[in-house]
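>
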Amino acid sequence: MLTYKKHLTSTLTLAIPVIIGQLGLIMMGVVDSLMVGELGADYLAAAALANHIVILILIIGLGVSMAVTPLVAISIGAEKHDEAQILFKQSIVVNCCFGITMTILIVVASELIHYLNQPPLVVKYASSYTKILGISIIPWMIYQSYKQFIEGLSITHPPMVVTLVANVVNAIVNWILIFGNLGFPRLELDGAGIATSSSRIFMMIVIILYVTKSNRYKEYDVSLIVRKFNINAIKKILRLGLPSGFQYFFEVGAFSFAVVMVGWLGAKSLAAHQIAINLASISFMAVTGISAAGGIRVGNGVGRGDIKETRKAGFSAIILGASIMFCAGLIFIFFRNSLPKLYISDDEVITIASSLLVIAAVFQIFDGTQAVGIGILRGLTDVKFPTMITFIAYWVISLPIGYLLGFTFEMGTQGVWIGLLIGLASSAIMLSLRFNFKSKHRILA
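Under our numbering, the sequence shown has 1536 at position 370, and the numbering climbs by one with no breaks.
#1: Pull up the distance between the alpha-carbon of N1503 and that of H1247, whole angstroms please.
#2: Going by Cα to Cα distance, which pick from A1181, N1398 and I1240 is closest to T1476?
#3: Just how far apart, CA to CA, sit I1497 and I1490?
#4: When you compare the CB positions of I1441 and Y1509, do they come within less than 8 Å of one another, or not?
#5: At what residues does the alpha helix (DSSP H) containing Y1291 begin and finish?
#6: If I follow the unbroken alpha helix (DSSP H) through S1320, where does it start and stop?
#7: I'd like to check one pair, L1587 with V1528: are the Cβ atoms closer than 8 Å?
#8: Comparing alpha-carbon positions, which option in V1515, I1223 and A1250 lies nearest M1307?
#9: Are L1408 and V1230 closer than 8 Å when you measure CB to CB?
#10: Beta-carbon within less than 6 Å of K1604's beta-carbon, same chain only, minus the 5 sequence neighbours each way: which residues are those?
#11: For W1583, which option in M1427, K1550 and R1600 has the closest C-alpha, if you only look at C-alpha atoms?
#12: Taking 7 Å as the limit between beta carbons, can you name the residues of its chain near L1319, skipping five residues before and five after?
#13: In this structure, does DSSP put G1346 in helix, strand or coil?
#14: Give me the residue from I1563, I1316 and A1214 with the minimum Cα distance to T1378.
#15: So, are the CB atoms of S1592 and I1563 less than 8 Å apart?
#16: Determine the extent of the alpha helix (DSSP H) in which F1264 is found, giving its start and end residues.
#17: Mapping DSSP to helix, strand and coil, what is P1351?
#18: Output yes or no for whether 8 Å exceeds the beta carbon distance between V1288 and A1433.
#19: Of all the options I1400, F1345, P1183 and R1366, which has the alpha carbon lying nearest to the alpha carbon of A1233?
#20: Please state whether DSSP places N1283 in a helix, a strand or coil.
#21: Rounded to whole angstroms, what is the Cα-Cα separation between M1577 and V1196?
#22: Can you tell me where the alpha helix (DSSP H) holding D1513 begins and where it ends?
#23: Are three or more beta carbon pairs between the segment 1341-1354 and the segment 1322-1330 nearer than 8 Å?
#24: Quick one: complete alpha helix (DSSP H) runs, 4+ long, within the segment 1433-1459?
#25: Could you compute how far the alpha carbon of G1300 sits from the alpha carbon of K1172?
#26: List the endpoints of the continuous alpha helix (DSSP H) containing T1169.
#27: Straight-line CA distance for F1415 to L1205?
#28: For F1503, name the three-state secondary structure that DSSP assigns.
#29: Determine whether the beta carbon atoms of A1519 and A1438 lie at a separation below 8 Å.
#30: Is Q1256 closer than 8 Å to N1396 when the C-beta atoms are compared?
#31: Exposed or buried, what is V1274 when buried is set at 16 or more other beta-carbons lying within 10 Å of its beta-carbon?
#32: Could you tell me whether the Cβ atoms of S1311 and N1261 are closer together than 8 Å?
#33: Identify, in the order they occur along the chain, each residue of the same chain with its Cβ nearer than 6 Å to the Cβ of M1596, setting aside the five sequence neighbours on each side.
#34: Tell me which residue opens and which closes the alpha helix (DSSP H) that S1241 is part of.
#35: Does DSSP put D1356 in a helix, a strand or coil?
Shown next, in the form of structure tokens:
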């Protein structure tokens, strides 16, 4: 029987590569924002709007793709390697179907941005940028098929390396195309979109080459070709994946709608929101690594039918997640006036962003706890009730309070962010209580 200290160490060891990989993904957005910020507030606001629209559509597909990791972890814990093989192949089918659907939806959404009552220049830049990002969706979903499968095998280093190299590709192409260097045309925000899409295609190609050529996966058929469908496996993925996708949709959707509300306050408020949310997303992506690792270790415990170790694995992940976010909150408070200056030189935008970072610092622990809570509950294959929790926390509690404070009480952007804080706190409390109850009374293998 493992002690909590050993559980913490094991979870952290598994999580570190995932954390670095997740930070690598978010750093693409940070680098984009830093470079686009040099073009002005309208461009930065357009990037914020477009990215939130894309992720709002993409997040359900990503949630579905993430279902493969705990399912494979449970299969490995139960020593059912053939089942893990089937899950991988059918995840390719599911993810490609979702990728095609999401690409179409993103292109359609790009034509509807002008209905969101945003500043005219923001709408112009965001519409074109959104279409370009749509190119990257299918490659990204194929990348997810391979990434989530090998993480389910508790192999987390390769996706980290792929993501870090992709960041270099993204930064170089950004520098060339945004500003028109090396004789290329100056494409500004569209150049950032092409860079992001290019880096995601690069990630897909590299991870396929790695997995198919590596001896570590020789016992599995890891080619991209799917010769037959397994309806039962597809249903299993969708039963866990769709509710997981909607969990993320309700949370990300709330943050995306908050972007729209902040946009009603003007381009500078929206630019400040983009800076603060970009910084907060760095710490959030770090804690999603703990969430993924916790989900894998909980899944292994479920596969073995060991309730005590499953509970220890889950609670140790919550402790790690909350600790990381506490440290992030301190950084936001101490450097709240300096961090926004990395993005933009506009004094008004910097002032607003600094005030938002204080609120972000407060909600860090709640954000970390709820993120890990979703992951470890997914490891229990418990997704339907947590989906209801996320809907209530963000759409029944968070957004109405944010609108009330932001517009009725005229607190502006800060009021909207306080609403987000209350929603995150509600989600964190309810998800933690759910894991405590579910892991104590029933383990689903």
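Just so it is clear, CB atoms sit at the ideal spot from N, CA and C, and this is done for glycine as well.
Because the structure is a prediction, the values reported are computed rather than measured.
If we stick to the structure as given:
#1: 52 Å
#2: I1240
#3: Counting only the Cα atoms, I1490 lies some 11 Å from I1497.
#4: Here I1441 is near Y1509, since their CB atoms are less than 8 Å apart.
#5: P1286 to G1300
#6: Where S1320 is concerned, there is no enclosing alpha helix (DSSP H), given that its DSSP letter is neither H nor E.
#7: With respect to L1587, V1528 sits close: the two C-beta atoms are nearer than 8 Å.
#8: I1223
#9: yes
#10: L1546 and D1548
#11: Among M1427, K1550 and R1600, the Cα nearest to that of W1583 is on M1427.
#12: Closer than 7 Å at the Cβ level, and outside the excluded window around L1319, lie V1238 and I1242.
#13: coil
#14: Residue I1316 is the option with its Cα nearest to T1378.
#15: For S1592 and I1563, yes; Cβs fall inside 8 Å.
#16: H1247 to S1276
#17: coil
#18: yes
#19: Of the candidates I1400, F1345, P1183 and R1366, the residue whose Cα lies closest to the Cα of A1233 is I1400.
#20: coil
#21: 27 Å
#22: For D1513, the uninterrupted alpha helix (DSSP H) segment begins and ends at D1513 to G1545.
#23: no
#24: none
#25: 43 Å
#26: Note, T1169: premise wrong, no alpha helix (DSSP H); not H, not E.
#27: Between F1415 and L1205, the alpha-carbon positions lie close to 31 Å from each other.
#28: It is worth fixing the name first, because residue 1503 is Asn in this sequence and not Phe. Here N1503 sits in coil by DSSP.
#29: yes
#30: yes
#31: Result: exposed.
#32: It is a contact, given that the beta carbons lie within the stated cut-off.
#33: I1555
#34: V1234 to G1243 is the span of the alpha helix (DSSP H), which, as asked, contains S1241.
#35: In the structure shown, D1356 sits in a helix (DSSP, three-state: H, G or I).
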